[in-house]
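Chains as they are written, first to last, in full-length UniProt numbering: chain A, 1 to 308; chain B, 1 to 357.
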Ligand SMILES: Nc1ncnc2c1ncn2[C@@H]1O[C@H](COP(=O)(O)OP(=O)(O)O)[C@@H](O)[C@H]1O
Ligand SMILES: [Mg+2]
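Dropping the structure here:
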């Protein structure tokens, strides 16, 4: 060959002192380019922590502090008040009705969007997001306008003795409206990412449509579905605006927990108001813990990802 | 099982993915669908399986029209390009899936299903890994689980879409040999898709070369290598040189030289394309009917020398392969080239330019 390889350099392996042989004037001041300097970092972190304390943690603690201001007996008395109990029952009932319905709808919508092509698909996706961009109060008003006594369907409903507005059906409808996107939004990107490959495999192995859905499609999205249901439930129990408009706020009958809190607070019944509020806070904390647990344990199954 | 594919057309929107595909696959045959990406291989496989409905044409299984038979009832074992293993099931449950979803008396007991799954795992050389999840397997192992899952339903035909596409070269080679052995053992009618010519030639009884939704050639690996039927096949299977020639009274003329070519089917008078593989050129001292050229460069390959010879006209340099120990000419030297095998196709230049050397 014309250009023989140069012989391997007979260099001794560089010892620990070798690094010091090079001048390292800037060594102390060097930091990775994507990292801020220590003072900058301290200021940023302190700012974030302060913000969290003021905006999130302090109010949360004060909820419990106010609720227990008259001691435990006062707290228990406030929660066992018939009106409070009625509000709790109603809230649970609304959640039990609206969350499964929304889960079903979200699953069906995500399935249709991810697995099929149909005209108007992008419009459909946009409409699912509508509740995110509409003020809940407007949503409530729309239901009053449609289903109320003077609404479009009012005469028909009255003729058949059906009460929608200022009753349970209206509250459930309004709650469903504001929580529609939660499940669908979790499932659509995941199911789109997963595509139809698994379903085709199941079908080619002889599975029927139902078998494919129960044994393949649903298990593939179960954690994302649970995640969406969790968020949906938290919002359903905490919804104020839309429900306030359609419920009519009949004490002991159509007051949900958030509405009850507001009424008690306006009556300067602080302990009772915060006692009920503390239940909502506990719900929020439980949701947060479960959500974190899901994200930690099944993070990869929640998010769209390649292959297996 | 014998499969007849008759006049299959398939369009996606306005785009024709298959344009009149005719093919008969014999019982127990191992067939490769070979072609560049986008040539319609996957679509044809999916049409056979019933995952895609053709716009025209018929698929017959043992003579019976499958038009109204859904994929569930066609009894095909389909191995998907990305395996499509059920990620929430163990390897064993994946393999037993096709048995578990059967209804009524068709459905084997749990113990029978497990036994069958274990048996198949042994067959694909993965005994002991039945409790793993797909995410805990290597690519080659997933591939074999996908195959075992497809075999579990005792398919009448096995369809594999780029079965080794996602694997590295060494694993590919091993699995390829193994699939051939498995086929010889089980005797399933098998169709597999590949864009790797070496894989198709090594594995298949017959190879179907596809381009743009049509079949270019069907033949044994021997046929394809020695008798490429079209310029496309010449270019797609291995290296080739293309020279624009003029045919007059049965003789091919390169510029002002009449070429002496080995006997071949006659070609009508007019412009034509002469295909010669690099290793089908010989240097000769006898200038009569040979192609004159000047050596431009010599390149070393593992198994041969590649010699670039400029032949004048508006052709690029012609590549000639010389077995390594042969005495090589020097750059600048004038040489005479004689083809010992060639393909001569009527028509002008530039039709298949992307596959031409
Ligand atoms: N579902 C589909 N929708 C639209 N076009 C498709 C679809 N499937 C395949 N095609 C098109 O049909 C052609 C053939 O595709 P395919 O059969 O997948 O090719 P190959 O498997 O040979 O790479 C490609 O051009 C591809 O873009
Ligand atoms: Mg393909």
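Cβ atoms here follow ideal geometry from the backbone N, Cα and C, with glycine treated the same way.
The three-state secondary structure of residue 250(A), taken from DSSP, is coil. Cβ atoms of residue 243(A) and residue 256(A) come within 8 Å of each other, at about 6 Å.
Closer than 8 Å to the CB of residue 172(B) there is not a single CB belonging to chain A.
By alpha-carbon distance to residue 225(A), the top candidate from 195(A), 155(A) and 298(A) is 298(A). Listed by position along chain A, the residues whose Cβ is nearer than 8 Å to that of residue 340(B) form an empty set, because the closest Cβ is around 33 Å away. In this model, residue 275(A) and residue 63(A) are separated by some 8 Å (Cα to Cα). By alpha-carbon distance to residue 58(B), the top candidate from 36(B), 75(B) and 23(B) is 23(B). For residue 11(B), the beta-bridge partners assigned by DSSP are 16(B).
Between residue 192(A) and chain B, the shortest Cβ-Cβ separation is not below 8 Å. Spanning the alpha carbons of residue 271(B) and residue 154(B) requires a straight line of approximately 54 Å. Cβ proximity to chain A below 7 Å picks out 71, 72, 76, 78, 80, 82, 84 and 85 from the region 60-85 of chain B.
At least one heavy atom of ligand 2 sits closer than 7 Å to the Cβ of residue 193(B).
In this structure residue 30(A) is exposed. Its beta-carbon is surrounded by fewer than 16 other beta-carbon atoms within 10 angstroms. In the three-state reduction of the DSSP assignment, residue 336(B) falls in the strand class.
An exposed status is given to residue 57(A), since fewer than 16 other beta-carbon atoms sit within 10 Å of its beta-carbon.
Put simply, the CB of residue 51(B) is near chain A, with a gap under 8 Å to one of its CB atoms. Linking residue 96(A) to residue 135(B) through their CA atoms gives a straight-line distance of about 36 Å. Counting C-beta pairs closer than 8 Å gives three or more between the region 302-320 of chain B and the region 285-294 of chain B, which meets the contact rule. In the structure shown, residue 210(B) falls within a strand segment according to DSSP collapsed to helix, strand and coil. Per DSSP, the continuous alpha helix (DSSP H) segment holding residue 234(B) begins and ends at 231-236. The beta carbons of residue 286(A) and residue 67(A) sit no closer together than 8 Å.
Around the beta carbon of residue 210(A), a 10 Å sphere encloses fewer than 16 other beta carbons of the protein chains shown; the residue is thus reported as exposed. Relative to ligand 2, residue 162(B) has its C-beta within less than 7 Å of a heavy atom. Take residue 220(A), set aside five residues on each side of it, and the residues of its chain with a beta-carbon closer than 7 Å to its own are 194 and 198, in chain order.
Residue contact with chain A for residue 88(B): present (Cβ-Cβ distance below 8 Å to some residue of chain A). With respect to the 8 Å criterion, residue 103(A) and residue 183(A) are classified as neighbours on the basis of their beta carbons. Following the DSSP letters along the chain, one finds residue 57(B) inside the beta strand (DSSP E) bounded by residues 56-61. Not one heavy atom of ligand 1 falls within 7 Å of the beta-carbon of residue 196(A). Just so you know, the alpha carbons of residue 39(A) and residue 49(A) end up roughly 15 Å apart. Close to chain B, meaning a Cβ-Cβ distance shorter than 7 Å, are the following residues of the region 173-201 of chain A: 197, 198, 200 and 201. With fewer than 16 other Cβ atoms from the protein chains shown falling within 10 Å of its own Cβ, residue 292(A) counts as exposed.
Beta-bridge partners of residue 346(B) (DSSP): 272(B).
Residue 119(A) is outside the set of residues whose beta carbon lies under 8 Å from a beta carbon in chain B. Ranked by how close their Cα comes to the Cα of residue 233(A), the residues 280(A), 218(A), 301(A) and 130(A) have 280(A) in first place. When DSSP states are grouped into helix, strand and coil, residue 102(A) belongs to the helix group.
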